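Participant:
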Amino acid sequence: MDGISRIALSPAAEQLIRQLHVMHGPLMFHQSGGCCDGSSPMCYPRGEFRTGGSDVLLASLEVEGVGESVDFWMSADQFALWRHTHLTVDVVPGRGSGFSLEAPEGVRFLIRSRLFDAAERESLDG
């Protein structure tokens with residue numbers, strides 16, 4: 004099963020990323036399981052959130068109209084719990100965290116998820 008990815012973007016998320024890219028330049032996401040907005044994905048200018056050994060790079064996402072990939076990171080502790088889950092970044096109305104770039108836009112990113120099937124898990128873990 005070629006092309007299995009741990010993460011995807013909804014069309015609404017892609018559009019918002021294009022808008023934020025124009026305003027802020029290269030972007031990155033970090034998904035934590037921590038405080039503030041709980042487990043909402045947080046969007047930052049690339050490099051503003053420092054990642055390290057306690058983080059896992061899930062994917063470098065290509066977005067049409069954005070010249071560089073958008074890295075999606077997750078804390079290693081949370082990845083240990085979510086490793087069998089496919090994640091889709093989506094957008095809904097409402098105010099998210101003041102730390103995430105979309106907060107002033109009246110929308111917020113959120114994660115929709117589903118479990119990988121057996122073949123997907125084997126492809127990713129094999």
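For the sequence shown, the numbering used here gives the first residue as 4, with consecutive numbering after it.
Think of the CB as a built atom: it goes at the ideal place given N, C-alpha and C, for glycine as much as any other residue.
Predicted model only: the values in this text are computed from it and were never measured.
Does the beta-carbon distance from Val92 to Ser13 come in below 9 Å?
Facilitator: Their beta carbons are under 9 Å apart, which means Val92 touches Ser13 by this criterion.
Participant: For Glu71 and Pro29, which I take to be in contact (beta-carbon distance under 8 Å), what is that distance rounded to the nearest angstrom?
Facilitator: Right, their Cβ atoms sit about 5 Å apart.
Participant: Which word fits Glu17, buried or exposed, when buried means at least 16 other C-beta atoms lie within 10 angstroms of its C-beta?
Facilitator: By the 10 Å Cβ count, Glu17 comes out buried.
Participant: Under 8 Å: do the stretch 108–127 and the stretch 44–61 share three or more Cβ pairs, one atom per stretch?
Facilitator: Yes, since at least three Cβ pairs between the stretch 108–127 and the stretch 44–61 fall closer than 8 Å, the two stretches touch.
Participant: Do Leu156 and Phe82 have their C-beta atoms within less than 9 Å of each other?
Facilitator: Outside the displayed range of the chain (4 to 129) lies residue 156, so it cannot be described from this structure.
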